[in-house]
Ligand SMILES: *Cc1c(COP(=O)(O)O)cnc(C)c1O
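In our numbering, the protein residues as written are 16 to 416.
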């Protein structure tokens, strides 16, 4: 694959996103196989990587979809998902957007009391999921706190009595409980604590047929990073879930919404080295990209391994890798790379999730092309943008002053 990437870069040009479909299949299978429950439904979180061909790959594997906007739902429908396999889990959207989703027939998740009341008044017969915020601080470490008290997500577990009164009053059917911690879950015991708490909430809802545990599965960005051991979590979690089904005397559906776990490692971002600049402080490598294409390092301070695929045996040296955007635009500082020369191609790893989907046109640059490799074949799945794309919606008026 790595070797192949040089050829792909030559053929399609850079900057370029390349996704390895076989890796995505492997991740999906490992997730699915980790759980031993009667009804399991995986909803790929579309916002991680929204290319239609990728969504079709998930559809083909039997996945459902998790969408956070009406536009993502439309993309899902275009990719062939049935409305009932789509779960709409937005935050802070209008009642009108919910109404559209209800009319399409997706499952919907409600994460605030105001919308719950409006839905009760307007669409009393629509089954819903309730997104709860468990306020669980795990391990006393903010990085792994799940659903902290100030979070804008979910309905507080302390407000469940209100939820119960409203659903009773309006005769709303709660078909599922939803919790998405939004944090990296590495240890099985954290997951277990969340699960046990959610079961006590679920106990209060007679009609539920599903429990959706969202996501939060962590993957490795660099050596020695902790990552979610999905097989281990799957085994422990299945036991808990099966016991809960037994207690409730029904076969509930276990749902998850992994995004990053499914696609992060499949993605490679390729960029050309424009210039090498020696300063008194360090050696800068400037590539033909920036936070307009890959914003995670600047936005989240996230680490992406970088490799010089044009000179894999070159002498190792230290570099700061930056972009071509007029703004501080640093991908990495003090990185050891095989000697970098102008025109070399750098590979940024873990570029499958929240990379292209967060790209912009800042500095009036085109968004990159996207390529999918699958079963030995290479497919262009999105063209590089052109000037036409940048100008498409602009209205040029006559200016006289
Ligand atoms: C973003 C999101 C996910 C996916 O999270 P990952 O960390 O990418 O797995 C799942 N569910 C909801 C509701 C989300 O907003």
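Here a beta-carbon is modelled for each residue, glycine too, at the ideal position from N, C-alpha and C.
**Message:** Under 8 Å, with one C-beta from each stretch per pair, do the segment 293 to 306 and the segment 34 to 44 reach the 3-pair mark?
**Reply:** no
**Request:** Work out the CA separation of residue 124 and residue 21 for me, nearest whole Å.
**Result:** 44 Å
**Request:** Determine the direct distance from the alpha carbon of residue 358 to that of residue 418, and round the result to whole angstroms.
**Result:** The structure shown has nothing for residue 418, since the chain only spans 16 to 416.
**Asked** Do the segment 85 to 100 and the segment 130 to 149 touch if we need at least three Cβ pairs shorter than 8 Å?
**Response** no
**Residues sharing a beta bridge with residue 293, DSSP** = 298
**Prompt:** Which residues in the same chain as residue 335 place their Cβ atom closer than 6 Å to its Cβ, once the five residues preceding and following it in sequence are excluded?
**Reply:** 297, 299 and 348
**Prompt:** How many Å lie between residue 56 and residue 310 at the Cα?
**Reply:** 31 Å
**Request:** From the DSSP output, in three-state form, read off residue 35 for me.
**Result:** strand
**Prompt:** Heavy atom of ligand 1 less than 7 Å from the Cβ of residue 65, yes or no?
**Reply:** no
**Distance CB(residue 367)-CB(residue 280) smaller than 8 Å** = yes
**Prompt:** Just how far apart, CA to CA, sit residue 373 and residue 382?
**Reply:** 10 Å
**Prompt:** Taking Cβ to Cβ, would you say residue 67 is nearer than 8 Å to residue 80?
**Reply:** no
**Prompt:** Which residues in the same chain as residue 134 place their Cβ atom closer than 6 Å to its Cβ, once the five residues preceding and following it in sequence are excluded?
**Reply:** none
**Outcome for residue 26 when other beta-carbon atoms lying within 10 angstroms are tallied against a minimum of 16** = exposed
**Prompt:** For the segment 16 to 95, which segments carrying the beta strand (DSSP E) assignment without a break, of at least 3 residues, lie completely within its bounds, in sequence order?
**Reply:** 31 to 35, 54 to 60 and 79 to 82
**Asked** Thinking just about the alpha-carbon of each residue, which of 387, 290 and 274 is nearest to the one in residue 369?
**Response** 274
**Item:** Buried versus exposed, by CB contacts within 10 Å (16 or more), residue 315
**Value:** exposed
**Message:** Excluding the 5 residues flanking residue 60 on each side, which residues of the same chain have their C-beta closer than 7 Å to its C-beta?
**Reply:** 81, 230, 272, 273 and 274
**Asked** Leaving out five residues before and five after residue 155 in sequence, what residues of the same chain have Cβ atoms less than 8 Å from its Cβ?
**Response** For residue 155, the predicted structure reports a pLDDT of 42, less than 50, and the residue's modelled location is therefore unreliable. A value from the coordinates is still provided. Answer for residue 155: no residue qualifies.
**Prompt:** Looking at C-alpha atoms only, which residue of 304, 171 and 255 is the closest neighbour of residue 31?
**Reply:** 304
**Prompt:** What does residue 333 pair with, by DSSP beta-bridge criteria?
**Reply:** 351
**Prompt:** Is there at least one non-hydrogen atom of ligand 1 closer than 7 Å to the beta-carbon of residue 232?
**Reply:** yes
**Prompt:** For ligand 1, is there a heavy atom less than 7 Å away from the beta-carbon of residue 366?
**Reply:** no
**Asked** Does the Cβ-Cβ distance between residue 126 and residue 168 come in under 8 Å?
**Response** yes
**Asked** Any heavy atom of ligand 1 within a distance shorter than 7 Å of the CB on residue 272?
**Response** yes
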